[in-house]
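Colleague:
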Amino acid sequence: MAEIKKDMTIGEILVAAPDVAPILMSAGMHCLGCPSAQGETLEEAAMVHGIDINELMSAIENR
106 MAEIKKDMTI GEILVAAPDV APILMSAGMH CLGCPSAQGE TLEEAAMVHG IDINELMSAI
166 ENR
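For any residue, its number in the working numbering is found by taking its place in the sequence shown, counting from 1, and adding 105.
#1: Could you tell me the alpha carbon to alpha carbon distance between residue 114 and residue 141, rounded to whole angstroms?
#2: Compare the C-alpha of residue 200 against each of 137, 154, 163 and name the closest.
#3: Determine the contact status of residue 146 and residue 124, defining contact as a CB-CB distance below 8 Å.
#4: Tell me which residue opens and which closes the alpha helix (DSSP H) that residue 127 is part of.
#5: Can you check which of these residues, 151, 134, 109, is closest to residue 122 by C-alpha distance?
#6: Rounding to the nearest angstrom, what Cα-Cα distance links residue 107 and residue 165 in this structure?
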């Protein structure tokens with residue numbers, strides 16, 4: 106299982122661990138394929154969507 110870090114871009118995460126996509130979608134990140142989302146870090150995307158990064162990281166780590 107690939108290690109996911111909050112400074113990785115959404116694009117990097119989806120390539121390394123596609124199984125994380127449903128977690129991101131359920132958290133409210135529905136535009137995973139958008140060009141801007143591909144270049145955003147997980148932390149930036151969480152901030153934009155009003156998601157607590159620590160809770161999101163916990164969900165990803167416990168997948």
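Glycine included, every Cβ here is placed at the ideal spot set by N, Cα and C.
Modeller: Short version:
#1: 10 Å
#2: Because the chain spans 106 through 168 in this model, residue 200 falls outside it and cannot be assessed.
#3: no
#4: 126-131
#5: 109
#6: 11 Å
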